[in-house]
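To start, the structure under review is shown below, and the notes come after it.
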Amino acid sequence: MPEGHTIHRLARDHVRDLAREPLQVSSPQGRAVETARALDGRSFAKIDAYGKHLLYRFEDDLTLHVHLGLFGRFRRQHTPPEEPKGEKRLRMIGERWTVDLSGAVACTLIDPEEEAALLSRLGPDPLRRDADTERFVAALRKRRIPIGAAIMDQKVVAGIGNVFRAEALHVNGIDPRLPARELGDERAMVLWGTMAKMLADGVRERRIVTIRGADDKPVSAGRATKGEGPRARADRVRHRTVHVYRREHCHDCDAPVVRSTMASRTVYECPVCQPEGSAGPSPTPSLAEGEAAGRLF
DNA sequence: AGGGTATGGTAAT
DNA sequence: TTACCCTACCCTC
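Going by UniProt numbering, the first residue of the first sequence is number 1, and it counts up by one from there.
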């Protein structure tokens, strides 16, 4: 589930549902007992989201750091909650809502020093007002690694994951293997604007939707087509809101989507929309101004 | 029942 | 680059 949009959405939801009220905090599986004990009975006033990291600001200057990793997940239910099922690392019971955390990579208290170290490892987050776009452009300028690897690096831009990588590069016609430094500042600004808009849309929609007017209510899509295997059908049904990610064919031109591996993650690209060595078409002057990110949403 | 896969990241090699 | 972390889900047998 989690790329940056999921994290920022969780921050908003948890503030709405749990902030400013005493919480019963526990660790049903006993894997975060100390953390739970320290927080039990306290309340948090706000949550800061940076890239894929959540920082819950509890009373007495206690900060809870949560990182979902690949498997982490929050579930919500009405208070009083049912007995925990499956792995539940942390449970926060509020007056109206109860939230359970499972599978997270990080769920610990961090002190200011650790927080500073964490934030120093993160680049600008397009979902934050204080994001420094120039840092992103400057980071690309000096990297020879493929652009597809660069935007997955949280120090270059915080919050992008495998889906947004595929979609943001595709819509801009960029070959994932193009060296980052060869993209150029103007195209880098446009790419930033794309990522910012996709992430913001993701927060609003609560899911990744990169196709204008996309509506993934299955109509005839749920029925298997003759000669179509179950995997292909599942991909089509579940992933029709994106252009190339985990699709068999490009949404725009229907060419077969090519899969490859970069840093042990699958890269999805359309060889027609994103020709080898392509940095995309020339940016239009208005977009190249660099104000695109602020205007698009 | 068991295998494959997943929107992530770190540490070891 | 590879191993690992070790949850949930979907599929096949």
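Note that the Cβ used here is the ideal one computed from N, Cα and C, for glycine as well.
The alpha-carbon of E3 is positioned some 10 Å away from that of R9. For D185, the three-state secondary structure derived from DSSP is helix. Straight-line spacing of the CA atoms in G202 and V99 works out to 21 Å. In this structure, D60 is the residue among D60, P256, Q77 and R207 with its C-alpha nearest to the C-alpha of S43. By the neighbour-count criterion, in which a residue is buried when 16 or more other Cβ atoms sit within 10 angstroms of its Cβ, D125 is buried. As the crow flies, the alpha-carbon of A166 is around 14 Å from that of P275. Closest in C-alpha terms to M198, from the list E182, G72 and A168, comes A168. A Cβ-Cβ distance of about 29 Å is found for the pair P28 and P112, leaving them out of contact under the 8 Å criterion. In the DSSP assignment, E113 is bridged to no other residue.
Taking a C-beta distance under 8 Å as the contact criterion, L140 and A131 do not qualify as a contact pair. Residue pairing by DSSP puts R76 in a beta bridge opposite V99.
Taking a C-beta distance under 8 Å as the contact criterion, P176 and M262 qualify as a contact pair. If you draw a straight line from the Cα of V157 to the Cα of L68, it is about 18 Å long. Within the DSSP secondary-structure output, I174 pairs in a beta bridge with A279. Here V105 is exposed: its Cβ has fewer than 16 other Cβ atoms, across all protein chains shown, within 10 Å.
Between A255 and P281, the gap from beta carbon to beta carbon reaches 8 Å or more.
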